[in-house]
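These notes concern the structure reproduced below.
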Amino acid sequence: MKILIKNGRLVHPVTGTVVLLDLLVEDGIVALMERGIDVEADRVINASGLMVAPGLVDMHVHLRDPGLTYKEDIVTGSNAAARGGVTAMACMANTKPTVDTPELVQYVLERAKEGSGVQIYPIGALSKGLMGEEPTDAEALQKAGAVAISDDGCNVDNANLMRDVLIRARRLNLPVLCHCEDTSMVEGRAVNEGSVSRQLWLEGRPAIAEEIMVMRDAMLAEETGAHVHICHVSTGRSVEIIRRMKRKGINITCETCPQYFTLTEDAVLEKGSMARVNPPLRTAKDVEAIIAGLKDGTIDAIATDHAPHSAEEKARNLTRAPSGMVGLETSLALCLTALYHTKKMDMPALIKKMSTNPADILHLNKGRMSLGGDADLVIFDPNEEWVIDPEQFASKGHNTPFAGAKVKGRVKYTIVKGRIVYEAP
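Heads up, the sequence shown is in the working numbering, so the first residue is 44 and it goes up one at a time.
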């Protein structure tokens, strides 16, 4: 099938340019990128006024499948991803049962074939059952198709176990994705330790609980030479620790999420349990530091940590509701609104954080939009304004603190390997 995209502004995150060109997709690959392409095509898309970019690569999602499919499943998550311009995503292992065996990695890959066509890459568990006591067989998980290992959702408190896992992962060239929060300092606590926790008379989750573990895992990366990736960075001091370690040449990367550069802990006062996420929303000073880390390259990637829950679960009071929010369908719009339209980041730099860099971290041949490469593309209007309405989501999860927010930037088409998997009505 041939798709001809006419008059779009092509965003090249690697070269840092935006160029007005046509693009021809043929047999699932990018066949031509030049002006005035005049060929017969099965579909012609007029992209005048739109931007054409590599499809987004979300390296941190929770699809809840197997076992928790009342929250989300691989099919609904895949549909949500397509609506958000995501062409590839990596799903975490904290399902029921945990994805800690090759058979369960294969289950995820088989189920992915039933989805919208968005490419799904399993992340295997670091420890059996996410218990932090016994390592999984990382080599077997990798051979089955896992692109990384992680106990995301649970900190690995046992430093000796983490060190052993990193030594093995180094031999396999396998990234280790770390959820950094000292369990003894945060367990059962709903919000950041600070002014909001004091107003609500609640024990808080201190920022140092994250920062201690970021430093520990960075030091273990230095000792072992393994690739440590820090998930959902939320504090300014975490950014500074990672910045210093990178300057030393340590093999460490990190991500943040839209909520950590658009919201502060004050959102909990207005949104209640919808604003309960893990790690928690922090202070305005932390938000500034996260944005600075994105701008100077300390923070490599933007992921969603898409974490759907049922309406009944999120309707519980703040201390009893589960942590997490959905993000697949809103992340591009939130990033455009908060970073691009405010001139904090230019378009190629932003797309690089959302596509090229996460693909590189996971060793995926994605996020480049190059001649002869897979035609994984997102076409979007950077200026269209709309109001976030969770009732319109394809995800089973409607839990977002951004309900009712006006954002700027909307996905029009998502194309995976030359096939249109989403087209805006």
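Note that the Cβ used here is the ideal one computed from N, Cα and C, for glycine as well. Quick caveat, the model's predicted, so the values are computed rather than measured.
>> Assuming L379 and K451 are in contact, meaning their beta carbons sit under 8 angstroms apart, how far apart are those beta carbons, in whole angstroms?
In response: At roughly 6 angstroms, the Cβ-Cβ gap stays under 8 angstroms, so L379 and K451 are in contact.
>> In the DSSP output, which residue or residues are listed as bridge partners for R470?
In response: Any answer about residue 470 is impossible in this case: the structure gives the chain only from 44 up to 468.
>> I'd like to check one pair, R319 with G367: are the Cβ atoms closer than 9 angstroms?
In response: Taking 9 angstroms as the Cβ cut-off, G367 and R319 qualify as a contacting pair.
> Can you name the residues that DSSP bridges to A74?
Replying inline: DSSP lists no partner for A74.
>> Can you give me the C-alpha to C-alpha distance between L326 and S316, rounded to a whole angstrom?
In response: What sits at residue 326 in the sequence shown is Thr, not Leu. Near 17 angstroms, if we compare the C-alpha coordinates of S316 and T326.
>> Suppose contacts are defined by Cβ-Cβ distances below 9 angstroms. Is E308 in contact with S238 by that definition?
In response: In contact: E308 and S238 (Cβ atoms closer than 9 angstroms).
>> Using C-beta distances below 7 angstroms, list every residue in its chain close to S413, excluding the 5 sequence neighbours before and after it, in chain order.
In response: Within the same chain, S413 has close Cβ partners V73.
> Taking Cβ positions, are V118 and G160 nearer each other than 9 angstroms?
Replying inline: No. Outside cutoff.
> Taking the beta strand (DSSP E) that D339 falls in, what are its first and last residues?
Replying inline: Element bounds for D339: not the beta strand (DSSP E) but the alpha helix (DSSP H), 327-339.
> Can you give the Cα-Cα distance for L204 and D180, rounded to whole angstroms?
Replying inline: Rounded to whole angstroms, L204 to D180 spans 13 angstroms at the Cα level.
> Would you call the CB atoms of L173 and D194 closer than 9 angstroms?
Replying inline: D194 is positioned such that its CB atom lies closer than 9 angstroms to that of L173.
> What three-state label does DSSP hand G172 in the structure shown?
Replying inline: The three-state reading of DSSP puts G172 in helix, counting H, G and I together.
> Terminal residues of the continuous alpha helix (DSSP H) containing K409?
Replying inline: It is not in any alpha helix (DSSP H) - K409 carries neither H nor E in the DSSP assignment.
>> Buried or exposed, going by whether 16 or more other CB atoms sit within 10 Å of the CB of V54?
In response: Result: buried.
> DSSP state of D417, grouped into three classes?
Replying inline: D417: strand per DSSP, three-state reduction.
>> Under DSSP, the beta strand (DSSP E) around K451 begins and ends at which residues?
In response: Counting along the chain, the beta strand (DSSP E) containing K451 begins and ends at 449-459.
> Which class does I345 belong to by DSSP, given the choice of helix, strand or coil?
Replying inline: Three-state result, I345: strand.
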